[in-house]
Amino acid sequence: MIFEDFPRNISVDLLGPSGSPADYSRALGAHTGLEDPTMLITNGTMVTLGEENQLLRDGALLVDGSRIAALGATDELLMKHPDADVLDAQGKLVMPGLMCSHTHFYGAFARGMALKGEPPSNFPEILEHLWWRLDKTLNREDVRYSALVCLVDAIRNGTTTLLDHHASPNEVAGSLDIIAEAVDEAGLRACLCYEVSDRDGPEVAQQGLRENERFITEVSGERLAGTFGLHASLTLSEETLAQAVEMANALEVGFHIHAAEDKADVNDSLKKYGLRVVERLEKAGILGPKTIAAHCVHIDAFEMDILRETGTNVVHNPRSNMNNAVGVADVPALLRRGINVGLGNDGFSNNMFTEMETTYLLHKLGQKDPRAMGADQVLRMAATNNARIANLFFERPLGQLVEGAYADIILVDYVPTTPLDVGNFPWHLVFGMNGGQVSTTIVGGKVLMKDRQLLTLDEEAICARSRELAQKVWARM
Ligand SMILES: [Zn+2]
Numbered sequence: 002m003i004f005e006d007f008p009r010n011i012s013v014d015l016l017g018p019s020g021s022p023a024d025y026s027r028a029l030g031a032h033t034g035l036e037d038p039t040m041l042i043t044n045g046t047m048v049t050l051g052e053e054n055q056l057l058r059d060g061a062l063l064v065d066g067s068r069i070a071a072l073g074a075t076d077e078l079l080m081k082h083p084d085a086d087v088l089d090a091q092g093k094l095v096m097p098g099l100m101c102s103h104t105h106f107y108g109a110f111a112r113g114m115a116l117k118g119e120p121p122s123n124f125p126e127i128l129e130h131l132w133w134r135l136d137k138t139l140n141r142e143d144v145r146y147s148a149l150v151c152l153v154d155a156i157r158n159g160t161t162t163l164l165d166h167h168a169s170p171n172e173v174a175g176s177l178d179i180i181a182e183a184v185d186e187a188g189l190r191a192c193l194c195y196e197v198s199d200r201d202g203p204e205v206a207q208q209g210l211r212e213n214e215r216f217i218t219e220v221s222g223e224r225l226a227g228t229f230g231l232h233a234s235l236t237l238s239e240e241t242l243a244q245a246v247e248m249a250n251a252l253e254v255g256f257h258i259h260a261a262e263d264k265a266d267v268n269d270s271l272k273k274y275g276l277r278v279v280e281r282l283e284k285a286g287i288l289g290p291k292t293i294a295a296h297c298v299h300i301d302a303f304e305m306d307i308l309r310e311t312g313t314n315v316v317h318n319p320r321s322n323m324n325n326a327v328g329v330a331d332v333p334a335l336l337r338r339g340i341n342v343g344l345g346n347d348g349f350s351n352n353m354f355t356e357m358e359t360t361y362l363l364h365k366l367g368q369k370d371p372r373a374m375g376a377d378q379v380l381r382m383a384a385t386n387n388a389r390i391a392n393l394f395f396e397r398p399l400g401q402l403v404e405g406a407y408a409d410i411i412l413v414d415y416v417p418t419t420p421l422d423v424g425n426f427p428w429h430l431v432f433g434m435n436g437g438q439v440s441t442t443i444v445g446g447k448v449l450m451k452d453r454q455l456l457t458l459d460e461e462a463i464c465a466r467s468r469e470l471a472q473k474v475w476a477r478m
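Going by our numbering, the first residue of the sequence shown is number 2, and it counts up by one from there.
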C-alpha cells in the first residue's frame, strides 16, 4: 500500500463531525498498520542537524516503529525496503521536529483578552493583573482545552517536543494528568511540571509540591516525562525551596524554574536574602545539570560562572522578554562561557521558526552589532542545545536525523530562491522559513499531520470549545 493514498480516505471516513479524536486515531492505526510500521520517506532534501549538520538531496529515511532506522539515497532505500509504506516528500525539506524548552499551555486563553483598568506598567503588574488572575480561574476543562489548542498549534508548526510549566492554583491535584492525556491524544512529546509557588498560600504550595512528586512517580510512556516545577525566587520561601529539594533529590530529578526574568526577582532576592537570584538558587540546591533556568535576563558575570560550574541549562525566550519589556538576556556571553542555552517560547505561539528569527534579530539590536548572534548559533540553540535539554527526559537522540533517534520528523515546503547548501542553511531558515510551511509532522514514527491536515486531533471542535471556555474564563476574571 502506498502511504501517500490514505489521508484522502481518512478525511472522508474518519474526520467527520461524528467521530471523536480517539476513534479516528485508533482507526488510523488500523488503516496504516501503525502497530508494526515501517515507513519510508523518499525524495526529500534531508537536513540532519545535530553536531554535524548534513544536507542530502534525493534522500530517504526509514522509520521503524518509533525510531529512525536508516538514512540514505532514495533509490537505494527503496530497493532495500520494497514493502515499506512510502511517504513521498516530493522534494520538500525533511528535518528533525523542532523543540520548545519552556512554555505555558495554561496561558492559551489570554489571546485577545482585554484587561480592565490601567495597562500594566511593569513586570510585577503583568504577573498580578494578568497571569495570576488567569491561572486562578482555570478549571479542569480549561486546563485540558488550553493544552489542546497549544498542541494543535505545535503540530501545525512542527514543534514536536515541548517542556511545559503549568499553573492552575484552584485545580492542582491531577492537573498534570489532564495535560498528559491531551499530549497523548495529540501524539506529541512533552515533559510536564507544576509551578510550585507560595503566592497562593501554604496549602496551594503543598499541593504543587505533591503534584510534581505524584506525576514524576506515575508518568509513563515513551513520549511523556515529568520534572519538578518551581515558579521563581520571588514567590518561593526558604522552607518551600528546601522541601522541593528534598523531594526532587529523592526522585533524582532536577527543576524547571524561572530565574532573574525581571529586575523585580533580583531586588526581591537581594532584599530578603542578601543574594542575587542565581546565588540564592545555588545555595538552596536548585541548580545542576538536570535543572532548567528560564530567562536569566538579570544576572551578572559571577552568576554566569555559577550556571557554568553547576552545569545548569538556560532557556532563552526572546519574544516573551521583548513583550514584557524585561530586558535582553546576554545570550552571547552565556554561550561564550559554554553554558547550554536552549530556546523556548514562554507561552507564545508554538512556532519555533519565529522564535529563532526573533533571537537572530534581538541580539543584533541589543548589542548594536550586526555580527552578534549568527543564524548558525541560533539554530544550534534550537536544535543541539534544546536536544541536550530534552534528552534529560527522553532516552533516544532528538533534534537530529540519525539512525536510532526518535522518528520526530517534519516536512517543510520550502523552495529556495538562492543556492541552498549545508553552510548557508541556517540563514535560509531564519530569512525564508516559517511554521506555516510545515506540511507534515511525525512524532515517534506516527504521522500527526499530513499535507496540513491534522490526523490525531479534531482542530475545529477543539477551537470551537476553546472559544466558549475562554469567554467564560474572561467573564470570571
Ligand atoms: Zn515562563
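C-beta: ideal position from N, C-alpha, C; glycine also.
Query	Result
CA-to-CA distance, residue 250 to residue 462, given in whole angstroms	42 Å
Alpha carbon of residue 318 to alpha carbon of residue 390, nearest angstrom	15 Å
Proximal residues to residue 266 (C-beta, below 6 Å), its chain only, five neighbours per side dropped	233, 234, 235 and 278
8 Å contact criterion, which residue 229 and residue 255 should meet: CB distance rounded	7 Å
Residue environment, residue 212, which counts as buried when at least 16 other CB atoms sit within 10 Å	buried
Local Cβ density within 10 Å of residue 479, reported as buried at 16 or more and exposed below that	The requested residue 479 does not occur in the structure, where the chain is confined to residues 2 to 478.
Residues sharing a beta bridge with residue 97, DSSP	410
Distance CB(residue 400)-CB(residue 41) smaller than 8 Å	no
Three-state secondary structure assigned by DSSP to residue 268	helix
Spatially closest choice to residue 104 from 77, 83, 119 and 191, by CA coordinates	191
Three CB pairs or more closer than 8 Å across the region 408-427 and the region 74-86	no
Alpha-carbon to alpha-carbon, residue 470 and residue 144	10 Å
Helix, strand or coil at residue 284 [DSSP, three-state]	helix
Heavy atom of ligand 1 within 7 Å of residue 347 beta-carbon	yes
Identified DSSP bridge partners for residue 451	454
Reduced DSSP category for residue 462 - H, G, I as helix; E, B as strand; rest coil	helix
Sequence-distant residues of the same chain with beta carbon closer than 7 Å to residue 342, five excluded per side	315, 317, 332, 335, 336, 382 and 386
Contact test: residue 148 Cβ vs ligand 1 heavy atom, cutoff 7 Å	no
Proximity to residue 465 [Cα-Cα], best of 303, 149 and 69	149
Coil, strand or helix - residue 140 by DSSP	coil
Nearest-angstrom Cα separation, counted from residue 349 out to residue 128	15 Å
Residue 429 Cβ short of 7 Å to ligand 1 heavy atom set	no
Run of the beta strand (DSSP E) containing residue 440, from where it starts to where it stops	439-444
Counted within 10 angstroms of its Cβ, other Cβ atoms place residue 202 as buried (16 or more) or exposed	exposed
Meets three-Cβ-pair contact criterion under 8 Å: the region 286-297 and the region 258-275	yes
Any non-hydrogen atom of ligand 1 closer than 7 Å to residue 166 Cβ	yes
Sequence-distant residues of the same chain with beta carbon closer than 7 Å to residue 52, five excluded per side	385
For residue 48 and residue 56, believed in contact at Cβ under 8 Å, the rounded distance	6 Å
Status (buried if at least 16 other CB within 10 Å, exposed otherwise) for residue 352	buried
Backbone CA spacing between residue 95 and residue 284 [nearest angstrom]	45 Å
Given 8 Å, three or more beta-carbon pairs between the region 158-165 and the region 429-445	yes
As assigned by DSSP and simplified to three states, the class of residue 307	helix
Distance, residue 172 Cα to residue 472 Cα	19 Å
beta-carbon residue 465 near ligand 1 non-hydrogen atom, thresh 7 Å	no
Ligand 1 heavy atom lying under 7 Å from the CB of residue 299	no
DSSP three-state assignment for residue 229, whether helix, strand or coil	strand
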